[in-house]
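Going by this note's numbering, the letters in the sequence shown line up with residues 29 to 170, in that order.
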Amino acid sequence: MTQAQTGDKVRIHYTGTLDDGSTFDSSEGRDPLEFTVGSGEIIPGLDNEIAGMEVGEKKSVKVDATEAYGPHDPNRTQAVPRETVPDHIPLDIGTQLQMQTPDGQAVAVSVAEVTENEVVLDANHPLAGKDLNFAVELVEIV
């Protein structure tokens with residue numbers, strides 16, 4: 029049987045969970061995820077595990093945070109005075125917002141902390157600093 033190799037376009041079904049068992053993403057109920065092995069289209073720790081798999085093969089993969097979305101970087105958080113946030117902006121922890129850098133670039137942030145005087149915004153990927161677990165099935169080599 030043919031094994032997936034670097035450069036092959038493949039389709040996989042997957043379920044991604046955190047160490048606490050909660051699911052953060054899944055292809056269940058959707059078309060399989062299609063990507064080229066070794067191209068950097070998906071996180072490196074998962075990409076590296078697909079090469080060598082055969083069509084129909086299933087495996088469990090544990091991906092360290094450094095091979096996923098990297099460590100949580102405290103330099104990517106910023107406290108802003110609460111009074112500078114317009115009243116119509118929701119400030120629930122985890123709320124996704126968009127900020128603009130001084131040069132006009134849009135940056136996705138989430139509300140990490142709210143105090144009486146300030147709001148802490150976090151520009152890290154929501155899964156930064158987390159080890160990820162995947163149940164993967166190689167559906168097809170295109």
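Beta carbons are placed, not taken as given, at the ideal position from N, Cα and C, and that holds for glycine. Note that the structure is predicted; figures quoted are calculated from it, not measured.
Excluding its 5 nearest sequence neighbours in each direction, Gln31 has C-beta neighbours in its own chain below 7 Å: Gly80, Met81 and Glu82, listed in chain order.
At a Cβ-Cβ threshold of 8 Å, Pro72 and Arg39 do not count as neighbours.
Its chain contains Asn152 and Ala156 as the residues whose beta carbon lies nearer than 8 Å to that of Asp101, once the 5 sequence neighbours on both sides are disregarded; these appear in chain order. Non-local C-beta neighbours of Gly44 in its own chain, meaning closer than 6 Å and more than five positions away in sequence, comprise Phe52, Asp53, Leu160 and Phe162, ordered along the chain. Between Asp36 and Ile169 the beta-carbon gap is near 5 Å, inside 8 Å, which marks them as a contact. Taken atom to atom, the span from the alpha-carbon of Lys90 to that of Pro99 is near 16 Å.
In the three-state reduction of the DSSP assignment, Thr129 falls in the coil class. Within a 10 Å sphere around the beta-carbon of Ile117 sit fewer than 16 other beta-carbons, which makes this residue exposed. In the structure shown, Arg104 falls within a helical segment according to DSSP collapsed to helix, strand and coil.
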